[in-house]
Every structure is written in structure tokens, then in C-alpha cells.
Amino acid sequence: MAKINIKIEGVPYEVEAGQTILEAAKACGYEIPSLCAFNHGECSNGSCRVCLVEATGARGLVASCVYPVSEGMEITISSPKAVAARRASVELLLSNHNQNCQQCDKNGKCELLHVATITGAREGKFQGSKTPTTYDDLTPSIVRDTSKCILCGRCVARCQNAHGMGILGFENRGFKTVVGPAENRSMANSPCILCGQCVSVCPTGALMEKSEIDKVDAAIAAGKHVVVQTAPAVRAALGEEFGMPVGTAVTGKMVAALKRLGFTKVYDTDFGADLTIMEEGTELLHRLQNGGVLPMITSCSPGWVNYAEYNYGDLLPHLSTCKSPHQMQGAIIKSYYAEKNGIDPKDIFAVSIMPCTAKKFEKERDVMEVNGIRDVDAVLTTRELAKMIKRAGIRFDKLPDEDYDHDIMGDYTGAGVIFGVTGGVMEAALRTVYYVLTGKEHDAIKFEAVRGLEGLREASIEINGQTINVAIANGMKNAKVLLDEIREGKSKYQFIEIMGCPGGCINGGGQPIVRSCFLPNEDNDILDTYRQKRANALYSEDERQVLRQSHNNPQIQELYKNFLGEPNSHKAHELLHTTYAAREGFND
Amino acid sequence: MSHISENGVKKICEICDRYANENTPLMMILSDIQNEYGYIPLDVQQIVSQKTGISVAEIYGVVTFYSFFSLEPKGKYVIGCCLGTACYVKGAQQIIDKFSEIIGIKPGQTSGDGLFTLDALRCIGACGIAPAVTINGKVYPKMTVDQVSKIVDEYRAMGGAQ
Numbered sequence: 001m002a003k004i005n006i007k008i009e010g011v012p013y014e015v016e017a018g019q020t021i022l023e024a025a026k027a028c029g030y031e032i033p034s035l036c037a038f039n040h041g042e043c044s045n046g047s048c049r050v051c052l053v054e055a056t057g058a059r060g061l062v063a064s065c066v067y068p069v070s071e072g073m074e075i076t077i078s079s080p081k082a083v084a085a086r087r088a089s090v091e092l093l094l095s096n097h098n099q100n101c102q103q104c105d106k107n108g109k110c111e112l113l114h115v116a117t118i119t120g121a122r123e124g125k126f127q128g129s130k131t132p133t134t135y136d137d138l139t140p141s142i143v144r145d146t147s148k149c150i151l152c153g154r155c156v157a158r159c160q161n162a163h164g165m166g167i168l169g170f171e172n173r174g175f176k177t178v179v180g181p182a183e184n185r186s187m188a189n190s191p192c193i194l195c196g197q198c199v200s201v202c203p204t205g206a207l208m209e210k211s212e213i214d215k216v217d218a219a220i221a222a223g224k225h226v227v228v229q230t231a232p233a234v235r236a237a238l239g240e241e242f243g244m245p246v247g248t249a250v251t252g253k254m255v256a257a258l259k260r261l262g263f264t265k266v267y268d269t270d271f272g273a274d275l276t277i278m279e280e281g282t283e284l285l286h287r288l289q290n291g292g293v294l295p296m297i298t299s300c301s302p303g304w305v306n307y308a309e310y311n312y313g314d315l316l317p318h319l320s321t322c323k324s325p326h327q328m329q330g331a332i333i334k335s336y337y338a339e340k341n342g343i344d345p346k347d348i349f350a351v352s353i354m355p356c357t358a359k360k361f362e363k364e365r366d367v368m369e370v371n372g373i374r375d376v377d378a379v380l381t382t383r384e385l386a387k388m389i390k391r392a393g394i395r396f397d398k399l400p401d402e403d404y405d406h407d408i409m410g411d412y413t414g415a416g417v418i419f420g421v422t423g424g425v426m427e428a429a430l431r432t433v434y435y436v437l438t439g440k441e442h443d444a445i446k447f448e449a450v451r452g453l454e455g456l457r458e459a460s461i462e463i464n465g466q467t468i469n470v471a472i473a474n475g476m477k478n479a480k481v482l483l484d485e486i487r488e489g490k491s492k493y494q495f496i497e498i499m500g501c502p503g504g505c506i507n508g509g510g511q512p513i514v515r516s517c518f519l520p521n522e523d524n525d526i527l528d529t530y531r532q533k534r535a536n537a538l539y540s541e542d543e544r545q546v547l548r549q550s551h552n553n554p555q556i557q558e559l560y561k562n563f564l565g566e567p568n569s570h571k572a573h574e575l576l577h578t579t580y581a582a583r584e585g586f587n588d
Numbered sequence: 589m590s591h592i593s594e595n596g597v598k599k600i601c602e603i604c605d606r607y608a609n610e611n612t613p614l615m616m617i618l619s620d621i622q623n624e625y626g627y628i629p630l631d632v633q634q635i636v637s638q639k640t641g642i643s644v645a646e647i648y649g650v651v652t653f654y655s656f657f658s659l660e661p662k663g664k665y666v667i668g669c670c671l672g673t674a675c676y677v678k679g680a681q682q683i684i685d686k687f688s689e690i691i692g693i694k695p696g697q698t699s700g701d702g703l704f705t706l707d708a709l710r711c712i713g714a715c716g717i718a719p720a721v722t723i724n725g726k727v728y729p730k731m732t733v734d735q736v737s738k739i740v741d742e743y744r745a746m747g748g749a750q
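Line by line, the protein sequences are chains P and Z. Mapping to the working numbering: the first sequence position 374 is 374, numbers consecutive. To get the working numbering, take the position in the second sequence, counting from 1, and add 588.
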């Protein structure tokens, strides 16, 4: 890129041509208040006017997010005119905002409050009527509160970019404008897959997960036998909520915190992941050897399952019948664990800590129960867990590293850990399938060919003279490519992994919010690197494990020997497998 | 989506196909549907979405942004009263109020017999003949309150014939 010379606040800098003023200023060490800089190209409307600056050669103040730098340009951020204009922009946004910051779950990670603070915007400067509010909490996953919406459109862009779906859109005009599903209807009556990507880009509290902390509090207070499990991806991101560098694995501290929060038992969903591999791997081999429906597609991601049910009802036989790992583990907690410990399953309250908002919906599915006993009773996101830890006065960074409970389902392998990143389920399955087909372990253990963060990847794996063609997709936009191939009868794959969120669970809709402005110690390019950093945290935990293939998990072996029989047995089907049904998106 | 007949779906698809080679076909498709059916309900938007790959929310956004598009069936005669600045100072408010009073509907509504829809328009660019009213495209220049009931009677007399 060619370099050009500009001045900011009178100081000369050399910056890349073609950058916007906002980007150039950031590279030179300035933070111009904005509501989009943290968001990586998912807003380029230049409509919020929060980033106004003076620039020579321009008429009036310019929106630095869209105005490009040019040779010799002199930019002034601190002039009284620019400062006053930015403050007024924020005050105008606040004038149509409910301003209940204290009651807002986003407080602390709210970009609007952040820019209000740095621009010195005063609440109530402009008083007037407000746009009528829509409050939608009908889904178990996401709450939409338009009284906090600033109409930036980042959620609209993210839904399009990640999934090509565009569930949310702008509707009506002028003062009546709202962002929502068509007809301003509830997300529950739309084909929304509840992945929560919109939640993770919302600058305010307009889109939030539906909290279940109260349910967990009530269960603990009622003296229930509360068993908690944590998904692989949670450990890779929870530390961010406590100021730790992005990509710090905090497994031990997380377990220590959960034990202090009053959970009776703390287990790792990785055990459930290992169990999933035993069931799913066996199912795949069975389909391969008996002319079953191929390609088989993974079913761990509830966002993806929602998408399939809404859009590809005809392809549902391709989905593995396996429940997702935490649902499997929930079913095992309420059967095997209950039996072993002599506890009535009705007295057990199973909590899952997940990086995901769609998991909240998944646990409510009618089919997620066995003999009237629900597999899982509450799902908390990574963010909700962080809230519980802070609320309890626990200094997370000061905690010692502690171990999961190990009595009957604490053990897990490296294969289970990597479930949290795109390609991980595929790799874990291949490790076991390789063993079953060849009778020995894959020498390299790793299957590098299926790693990476690209949205769509494929590989051909030679096992015992047999070639298995596999594909991996994350984000529904990418999944659609593979699904359309199947529909047209052109798919060359035997096994496909699909994850709802871009990058997989490490970037799930329930994970800590990543914003440069709240991560002062991270590099400027953190929005480009955080997914890889979180993925690395999981891959290095895999490397540290002695056991790295699901079938080598001794407690899994015991579970089959003492309780389930063998993978895909009648009992395994009853507890660990599920069914799907096509659904109508606009269902009213 | 079950509310639309097979034939209806086919017709909507035909309209979409007319603009298959356009880069941004949405406005043209919606205009044709509006002109041919008089309104664009959500069911129809879903068909357009499937044909074009444009999300339902975006289509709904366009339909609700432009007052030309309607989500509800419009009356046989659509009365548009311009309330732009020039018409307004020339007494357009009294004229729309009179239409309202005689037909018994508020601006934006359609009469129970399906004969009239009353729309309040912003400037229609006919300031020279303010206050202006359009009925199904026919322009009534320099309207006065006294003319309103006569005009309504004329259309009532035509009834469903058009």
C-alpha cells in the first residue's frame, strides 16, 4: 500500500492511502469516538455522526468512519466545534433511548455509554417523544428491546454476513423506524436460528441473551442437587471478562469459581463430547458400511439444526441423530449418575455453561427428555457465568486452578476439547474412525487438513485404503453451498461438519463481547485475531492431554460396559439420540 | 404461505422472472405486484424472497418505507390528498378532513365497502395547482372544500364499474 502524509492534531504521520480517517487515526494512536470502529466493516452507513472531525479540504465536519485520508490532510479531533458536534450527536441518540443504564445487562460493555462518557454527552439534553417500544422475550434465547436500539444496523449486517439470512431488517420510516424481523414480529415467529451473532455485535443492550441466572439461583436456594457442565469453548474466552488476554485458557480457575458458586458437582462437557464421538462415529461407520444416507452431517450446533429445520426439511435424514454433547451429558447425569449416586433424577438440576444462545432453545425442545425427565434444566452463556462470578465477589484472576470432579464422568480427552472450534468435531470423529477402521491410532494424532478458520473447507482422508471426503462449514451462508449440492445430488462428501457461528463455538453468540474500546491491552487488530487466539487455547489444551482420542476415555469405556452396552445400542438411542422435524419460518 | 393459490404463486414468480437479469430488481418487482394486485402482503413477500434471495426483512423494509407500497388491499379508488407545504398553506388540511368526514375513514384507511382509500401525501410536485388531489392518477387541481362531496358522489355513482 502506498503511504501518504497527514497531520493529526498538528503532528505529522505517515499512513496508508485508502484508509478512512478513523482507521488512520487509530493506527496513529488516537481513539475517535465511534459506534462502528469496533465492528469491522459491518456498518458503513456513516449515519450516527458520532465520529465527526475537522479535516482540511472537506466542507464542514466529516464522518471519519467513511471519509478517506488524502495527501497533506490536516485532521483536528479536539477542536471545540468537533467536540461539540460529537457530543450533540450522542445526545441526540440518547434522546430516543430509555437510559435505564443501571438496570441494563449490557452496562460495562455498552458502546453507547462509552461514547457518551468520552464525548461528555449529558442525559436528557434533548427531551421529546420517543419511538414506541417493542420488547420481545418470547424466545428462550434472545431478548430484543427496541427502546435501547440506536438503529445502527450492525445486527442486520452480521445476520447477512454470517448466514446470508437477514432475519432482522429496518422497517417503517423516519421516527417510526425499528430494526426487527419482518412485521416487527417476535423472533419466535420468524426463521431466526437464535445463534446470537446479532447479540454479539449490538453496541447497546437492545439485543441480549435471555438470562437464566434466576433459575439457577432458585435451584441452588431450594437445595437441589445442582450439577453443572461447561462447554469446551467457554474456557477459551471466560478470562476476557476479567481482563485476561484474549486466548487465555482458564479451565482451572473456571472450575474453582463454579465450586465456590454453590454447584454440587462440576463436570466438563468434553465428556459428553467424547460420548458424542462414540455415538456419531459409530453412526457414520454404520452408514458407510450399510448404504445409509450420506453425507452424514453433524448435529452438535443447535443454530445449525434450527436452520436445517426451517430451510432444508428435505435433508433432515442427513443429520446425525445424535443429541449435542451437553444434552447427552444431561441425559447421562439424570440416569447413570443418578443411579450410581442413589439420587432421584427429579431432585437433580442440570445446568450447562455454553458459549451459545441457541442452546437455551435447544434444551427446551420437546424431544430433549427421557421418560418425562428433562436432560438439561438451565443454560447459561459464558457472559452470564462471568456475571455470577462478579456478583459473588470472586476475584477470578486470584483463584487457584482446580480440577473438575472426576468420580464417574470427569475424564475427558483432547478430542472433546477441540469440539469448540470449527473442524474440531470432524477431527475428533476422524481420530476414532481411523482407529476403528485400522485397529491402530493415527500416528500424527492431529488431522491438520481439517483445521483452519475459513468458512468452507474440504479434505480427503485416506484410511486403510479407503478415501473419506469430508467438508466443514461454519456460518449458514457457507453451509448453504454444501446443502444445495446435496439437494442437487452433486455432493461428493461422506461426512460434513456444520457449525452455526463463524469460527465455531469459540465465536458463539454467548461468548464475551470483543470490542477494541474495552480491550485496551490488546493489539489494534484484535477483531482479526481473537478467533484464532481462542482456537489456539483449545488446540493447546488438546496437546496437553495424555488421552487424545474419545474411545480411549476410560470413563466412557466404563459407561458403555456398565450402563449403555455398546455405541448405538437400544439404551444409547433412548438416551442419546433425537429426532428432527421441518418447521415453517413465519409460523402464525 | 398456504394463503396463496397455486396460480397466485405462479403469477408472482412470473413477475420476478421479468427482472431476472437486473442487478437490483426489488423495486421493479414490488411496483409490478403493487400495480397488479393493489397490495403486497407478507405471504407474497416470502415468495419474492425465495425467488430473489433477498431477505423477507429487507423486502418488508422497502414495502414499509415507500408509501406507494401497501400491505393491505387498497380501495377501488385511491384518493391522494397532497399535504406538502404549498398545498398545506392553500388549505389542503381542510380538504382531506372533508374527504374523511364524508367517507367516514381516516387518512391511511380503506372504507368498509372497499370503494375508497384515503392517503395523505407529501409533496407530489404539483405546487402550481395547489391544493392538489389525485384519484387513481387523475389530478384534481386547485381543489376547494365545496367540490369534495360532488367528487365523492361521482365515484360512488360509478361504484364498482371503474
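Every residue, glycine too, gets a C-beta built ideally from N, C-alpha and C.
Taking P:Q494 as part of the alpha helix (DSSP H), name the residues at either end of that continuous run. Per DSSP, P:Q494 belongs to no alpha helix (DSSP H) and is neither H nor E.
If I measure Cβ to Cβ from P:G128 and keep anything under 7 Å in the same chain, skipping five residues before and after, which residues do I get? S95
My parser needs the alpha helix (DSSP H) runs of 4 or more residues fully inside the region 121-189 of chain P; what are they? 154-163
Using a 10 Å radius around the Cβ and a threshold of 16 neighbouring Cβ atoms, would you call P:A2 buried or exposed? exposed
Would P:I599 and P:I21 qualify as a contact pair, given that the criterion is a beta-carbon distance under 7 Å? Outside the displayed range of chain P (1 to 588) lies residue 599 of chain P, so it cannot be described from this structure.
Please classify Z:K686: does DSSP put it in a helix, a strand, or coil? helix
Taking Cβ positions only, does Z:F656 come closer than 7 Å to chain P? no
Assuming P:L576 and P:C322 form a contact by the criterion Cβ under 8 Å, report the distance between their Cβ atoms to the nearest whole angstrom. 7 Å
Tell me which residues of the region 660-692 of chain Z have at least one Cβ-Cβ distance to chain P shorter than 9 Å, keeping chain order. none
Assuming P:Q511 and P:A233 form a contact by the criterion Cβ under 8 Å, report the distance between their Cβ atoms to the nearest whole angstrom. 7 Å
Runs of 3 residues minimum, wholly inside the region 289-374 of chain P: which ones carry the beta strand (DSSP E) assignment? 348-354
Could you pull out every residue in the same chain whose Cβ sits closer than 7 Å to the Cβ of P:C159, ignoring the five residues on either side in sequence? M165, G166, I167, L168, Q197, C198
Among the candidates P:E240, P:N464, P:G262, whose CA atom is the shortest distance from the CA of P:A218? P:G262
Examine chain Z for any beta-carbon lying closer than 7 Å to the beta-carbon of P:G169, and answer yes or no. yes
Under 9 Å from the C-beta of P:G475: neighbouring residues of chain Z: Residues of chain Z passing the Cβ test: none, with the nearest at roughly 15 Å.
Mark P:P80 as exposed unless 16 or more other C-beta atoms lie within 10 angstroms of its C-beta, in which case mark it buried. exposed
Shortest alpha-carbon distance to Z:V644 belongs to which of P:I32, P:K210, P:A182? P:A182
Quick check on the DSSP output: what are the complete beta strand (DSSP E) runs of length 3 or more inside the region 422-471 of chain P, in order along the chain? 456-463
Can you pull the chain P neighbours of Z:E646, defined as C-beta to C-beta under 7 Å? G166, G169
Is the Cβ-Cβ distance between Z:D631 and Z:I592 less than 7 Å? yes
I believe P:R548 touches P:G414 by the beta-carbon criterion, under 8 Å. Please report the beta-carbon distance rounded to the nearest angstrom. 4 Å
If you follow the beta strand (DSSP E) that P:E209 is in, where does it begin and where does it stop? 207-209
Using the Cβ count rule (16 or more neighbours within 10 Å means buried), how would you classify P:K109? buried
Just by C-beta distance, which residues in the region 182-211 of chain P are closer than 7 Å to chain A? Among the protein chains in the structure shown, which are P and Z, there is no chain A.
Measuring only between beta-carbons, confirm whether Z:S643 sits less than 7 Å from chain P. yes
Output the distance between the C-alpha atoms of Z:Q681 and Z:D707, rounded to the nearest integer angstrom. 12 Å
Assuming P:F263 is part of the beta strand (DSSP E), what are its boundary residues? Segment: none, P:F263 is in no beta strand (DSSP E) and carries neither H nor E.
Integer Cβ distance of P:M368 from P:Q329, believed to fall under 8 Å: Not confirmed; about 12 Å, so no contact.
Would you mind working out which of P:K106, P:N100, P:A82 sits nearest P:G120, comparing C-alpha positions? P:A82
Within-7 Å CB hit, Z:T652 to chain P: yes
Alpha helix (DSSP H) runs wholly inside the region 389-425 of chain P, at least 4 long, in chain order: 414-417
Closer than 8 Å between beta carbons: that is the criterion. Which residues of the region 624-638 of chain Z meet it against chain P? L630, Q633, Q634
Taking a cut of 9 Å between CB atoms, which residues from the region 136-166 of chain P lie near chain Z? V156, C159, Q160, G164, M165, G166
Quick one: what's got a C-beta closer than 8 Å to P:I611's C-beta in the same chain, skipping five residues either side? One cannot answer for residue 611 of chain P here, as it falls past the ends of chain P, which runs 1 to 588.
Nearest neighbour of P:P295, chosen from P:P302, P:A581, P:Y310, P:L319 [CA to CA]: P:L319
What in chain Z is Cβ-close to P:F586, meaning under 9 Å? M589, L630, D631, Q634, V644
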